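Student: Following our numbering, the residues of the sequence shown are numbered contiguously, the last one being 437. Where is the CB? At the ideal position from N, CA and C, for every residue including glycine. In this text, all values refer to a predicted model and were calculated from it rather than measured experimentally. One structure follows; several queries about it will come next.
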Amino acid sequence: MDGNKTVPGLIRHSRCKCMQCGTISQVEERHGLDLTRCPEGKEELLKGEFFQWRCPQCGMEADNAWSCWYFDPEAKLGIVLVPGIGSSGGEGAVQAMDRDLEGLGLPGMERRAVGNFYAMQELVRARDLELDDRVIQLVKPLIIGRLQAQGELVWNGFFQGVADPDPSEEPIQGVLYASQSQEPEYGRPIYLYDIHLTNRTVVHAGVNEMIFQMCQGMLEQLGEDRPEDGKFHLYDLDWAIRCHDRMQG
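Here is the structure:
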């Protein structure tokens, strides 16, 4: 990133020690991505460079996370990043956020809690495309389950966007297809994901429109399609796995 171009907001400097060679380097942490103060914050978040760390000595790479607040009043989206928080054990922290920020939200505001910057990026992309982020989560166990069946060790996966491929170019490698008939449906939107393996390899994957709609139906069947209530919610891979388990139970 250009050192002369920074995102205004709450910025702190910390030191990071490389786990491979022990080199200590400085890290610039951006804790505030309020688009009313830093309109370019969204662009920088989606680039992802400011939280991706590389050791200046040995080149080891890692993804950083620190507490951060993203606020886009136009999109009515507010996201709190609490490093490492997950739906399995983060209920208390989410409830505390609701108490601390009660009455400060906009009507129809979507409030979410996430545990890393990739999840924050994912929510911004979903909001831009007017997609339900809960459905986006429900897709993940289907993609990840197939990769695990192939012997891959998966950390997590994150939504990247929607593509409209030429039917002549399908089937696309890494994409799950489903259809009401015997033959997969081509020429429909493909929902794209980056799946992060534990060895830091990124696998490009996705699902077709039929599978996405199946997950939408699952959300409704489970009664999880509740309207926004102005409170913080945390929907992640663990939440999606529990939903799939409920369907099978």
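Can you tell which of Phe238, Cys209, Cys226 has its C-alpha closest to the C-alpha of His201?
Tutor: For His201, the nearest C-alpha among the options comes from Phe238.
Student: Is there contact between the segment 360-375 and the segment 408-417, where contact requires at least three CB pairs shorter than 8 Å?
Tutor: In short, these stretches do not touch, since the Cβ pair count stays below three.
Student: Do Tyr423 and Phe400 come within 8 Å of each other at the CB atom, strictly closer than that value?
Tutor: no
Student: Among Glu397, Glu217, His392, which has the Cα closest to the Cα of Glu373?
Tutor: Glu397
Student: Since Leu233 and Tyr258 are thought to touch, with beta carbons under 8 Å apart, how far apart are those beta carbons, to the nearest angstrom?
Tutor: 7 Å
Student: What residue from Thr224, Arg242, Pro271 has the CA that sits closest to Gln262's CA?
Tutor: One detail in the question is off: residue 262 reads as Glu in this sequence, not Gln. If we check each option's Cα against that of Glu262, Thr224 comes out closest.
Student: Spatial neighbours of Gly274 within its chain, please: C-beta separation below 7 Å, excluding the five flanking residues on both sides.
Tutor: Gly303, Asp424, Asp426
Student: Can you give, in chain order, each stretch of the alpha helix (DSSP H) that sits fully within the segment 211-275 and has at least 4 residues?
Tutor: 229-235
Student: Using a Cβ-Cβ cutoff of less than 8 Å, which residues in the same chain neighbour Val195 once the five nearest sequence positions on both sides are dropped?
Tutor: With a pLDDT of 48 at Val195, under the threshold of 50, the modelled position of that residue is not reliable, and the figure given next carries that caveat. For Val195, where only same-chain residues beyond five positions count, the Cβ hits under 8 Å are Arg218, Leu221, Cys226, Glu228, Gly229, Glu232, Phe238.
Student: Using beta-carbon positions only, say whether Glu216 and Gly296 come within less than 8 Å of one another.
Tutor: no
Student: Cβ atoms of Val342 and Ile383: under 8 Å apart, would you say?
Tutor: yes
Student: Flag this pair as yes or no: are the beta carbons of Phe347 and Ala393 separated by less than 8 Å?
Tutor: Not a contact, by the Cβ cut-off of 8 Å.
Student: Specify, as a first and last residue, the run of the beta strand (DSSP E) that Arg414 falls within.
Tutor: No beta strand (DSSP E) contains Arg414, which DSSP labels as neither H nor E.
Student: Taking 7 Å as the limit between beta carbons, can you name the residues of its chain near Arg434, skipping five residues before and five after?
Tutor: Leu410
Student: Let's test the definition: count the other Cβ atoms within 10 Å of the Cβ of Gln325 and tell me whether it reaches 16, buried, or not, exposed.
Tutor: buried
Student: Does the distance from the CB of Gly345 to the CB of Ile331 come in under 8 Å?
Tutor: yes
Student: State the Cα-Cα distance for the pair Ser276 and Ser356, rounded to the nearest angstrom.
Tutor: 43 Å
Student: With distances taken Cα to Cα, identify the nearest neighbour of Gly405 among Cys431, Lys419, Asn387, Leu385.
Tutor: Cys431
Student: What do you reckon, is the C-beta of His392 under 7 Å from a heavy atom of the ligand MN?
Tutor: Here there are no bound small molecules, and the ligand MN is not part of this structure.
Student: With Leu317 and Ile267 assumed to form a contact (beta carbons below 8 Å), what rounded beta-carbon distance in angstroms separates them?
Tutor: So it is not a contact: roughly 16 Å between Cβ atoms.
Student: For my contact list, Pro329 and Ile429 are in at a C-beta cut-off of 8 Å; report their separation, rounded to the angstrom.
Tutor: 5 Å
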